[in-house]
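Converting from the sequence shown to the working numbering requires adding 28 to each position, the first position being numbered 1.
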Amino acid sequence: MIILISILINLPFFVQIILLLGGLAVSVYGVSLLVKMVIHPVKKESIGLTDNKTITPTKKKKRPSSTL
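So, in structure tokens, the structure goes:
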């Protein structure tokens, strides 16, 4: 996509190659992050900690009722 746009606006060839290599680097980095997340999923330990705590409801202050 970037290469097509750069051809349309007549960027020099080496700039197109730099954009292509930058896009490939970002793509490889994103795929590596996805593979890392699939292989080593994040453990959700914070959910277990909230189950043990007792939640005390906060008392609401009584507001004066509006008289129209």
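No residue lacks a Cβ here, since even glycine has one placed at the ideal position from N, Cα and C. Small disclaimer: the values here were computed from a predicted structure and weren't measured.
Starting from residue i, trace the alpha helix (DSSP H) in both directions and tell me its first and last residue.
i     : result
Lys64 : 41 to 67
Answer yes or no: do residue i and residue j have a C-beta to C-beta separation smaller than 9 Å?
i     : j     : result
Leu49 : Leu39 : no
In chain order, what residues of the same chain have a beta carbon less than 6 Å from the beta carbon of residue i, not counting five sequence neighbours either side?
i     : result
Pro69 : none
Any heavy atom of the ligand MG closer than 8 Å to the beta-carbon of residue i?
i     : result
Ile33 : Among the components of this structure there are no ligands whatsoever, and the ligand MG is therefore not found.
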